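Following this note's numbering, the numbering of the sequence shown begins with 1 at its first residue and continues without gaps.
For each residue, glycine too, the CB sits at the ideal point set by N, CA and C.
Only a predicted model underlies this, so the values are computations on that prediction, with no experimental measurement involved.
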Amino acid sequence: MNHIGIDIAKATHVAAVVDGNGEVLCRPFGFSNDEAGFKRLADYLAGCGCESGALWWRWSPLGTTGWRFGST
1 MNHIGIDIAK ATHVAAVVDG NGEVLCRPFG FSNDEAGFKR LADYLAGCGC
51 ESGALWWRWS PLGTTGWRFG ST
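Structural data, given as structure tokens:
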């Protein structure tokens, strides 16, 4: 199972993907907080080989870390 970590912000979020062993699969990637940015995120995830159903999402809002947002 791969994991995507997303550090959220008002204007620009940063995402990275690691595998179940914590090995980085894709380097951190910044994307804007708008429709175009999330389309870029989808392209980034496809380039990392992330498949639907095999990805856990983790968001880090306002300094709180580690809670699960959902899975695809």
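In the displayed model, Ala11 falls within coil according to three-state DSSP, outside both helix and strand. Judged by DSSP in its simplified three-state form, Gly5 adopts strand. Per the DSSP secondary-structure output, Gly30 pairs in a beta bridge with Val14.
Within the same chain, Gly5 and Pro28 come within 6 Å of Ala16 by CB-CB distance, once the 5 residues on both sides are set aside. Leaving aside the five residues that flank Phe31 on each side, the residues in its chain whose CB is nearer than 6 Å to its CB run, in chain order, His13, Gly37, Arg40 and Leu41.
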